[in-house]
Amino acid sequence: MPPKKKSLLKVIILGDSSVGKTSLMNQYVNKKFSNQYKATIGADFLTKDVVIDDKEVTIQIWDTAGQERFQSLGVAFYRGADCCVLVFDVTNPKSFDSLESWKDEFLIQSSPADPDAFPFVVLGNKVDESERQEYNLITYDYHFAACYHRYSAVMSELLFTL
1 MPPKKKSLLK VIILGDSSVG KTSLMNQYVN KKFSNQYKAT IGADFLTKDV VIDDKEVTIQ
61 IWDTAGQERF QSLGVAFYRG ADCCVLVFDV TNPKSFDSLE SWKDEFLIQS SPADPDAFPF
121 VVLGNKVDES ERQEYNLITY DYHFAACYHR YSAVMSELLF TL
């Protein structure tokens with residue numbers, strides 16, 4: 001008898017404070033957006049049931065605080081993750097520059113079996129703020145070797161892909 005397929009996927013969302021991690025998660029799970037900003041304290045998670053390859057799967061999405069003072073909590077939240085979504089604000093170059101340190105910290109604290117093969121998705125948020133230029137991503141795509149998607153939590157379309 002073949003082994004049973006995994007029915008739970010744990011996804012961690014990381015990035016600097018105010019890049020829209022909570023908004024992305026709420027838009028994906030609840031199809032709701034709020035203009036009111038409320039910083040995440042520690043971490044929070046939501047679940048969503050989806051069908052992947054004709055199998056029902058529960059995606060458990062962990063939204064983590066972007067402040068450095070909460071990074072020590074990472075080991076408890078990151079362990080057992082199946083994917084990590086690194087989010088930056090396309091209007092804030094500093095949030096983009098921080099992604100590599102978020103990736104490194106995640107790999108240290110989560111200790112995946114094969115760090116080189118662990119799946120990361122890079123997601124540029126706030127593309128609806130078109131009056132500002134999007135930060136240059138070509139070098140990062142090459143250096144980081146991750147999927148990259150542009151997204152706006154304000155819009156109802158989601159480019160969230162595992």
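Residue 56 in full-length UniProt numbering sits at position 56 of the sequence shown, with consecutive numbering throughout. Ideal Cβ positions, reconstructed from N, Cα and C, are used throughout, including at glycine.
Item	Value
Continuous beta strand (DSSP E) stretch holding residue 89: start and end	83-89
Span separating the alpha-carbon of residue 12 from that of residue 109	12 Å
Beta-carbon spacing of residue 63, residue 82 below 8 Å	no
Boundaries (first-last residue) of the beta strand (DSSP E) holding residue 127	Per DSSP, residue 127 belongs to no beta strand (DSSP E) and is neither H nor E.
Residue from 113, 98, 86 and 54 with nearest C-alpha to residue 22	86
Inter-residue spacing [alpha-carbon to alpha-carbon] between residue 75 and residue 54	32 Å
Distance between beta carbons of residue 14 and residue 102, contact taken as under 8 Å	5 Å
Reference residue 232, options 27, 112 and 9, closest by Cα	Outside the displayed range of the chain (1 to 162) lies residue 232, so it cannot be described from this structure.
Reference residue 9; option with closest CA among 93, 79, 16 and 107	79
Length of the line joining the Cα atoms of residue 61 and residue 47	6 Å
The ligand MG heavy atom lying under 7 Å from the CB of residue 16	Among the components of this structure there are no ligands whatsoever, and the ligand MG is therefore not found.
Contacting residues, own chain, Cβ-Cβ under 8 Å from residue 51 (five flanking each side not counted)	57
According to DSSP, residues forming a beta bridge with residue 49	58
Distance between residue 98 and residue 119 (C-alpha atoms, nearest Å)	18 Å
Separation of residue 107 from residue 114, as counted between CA atoms	10 Å
Contact under 8 Å by Cβ, residue 127 with residue 90	yes
Per DSSP, the bridge partner or partners of residue 12	62 and 84
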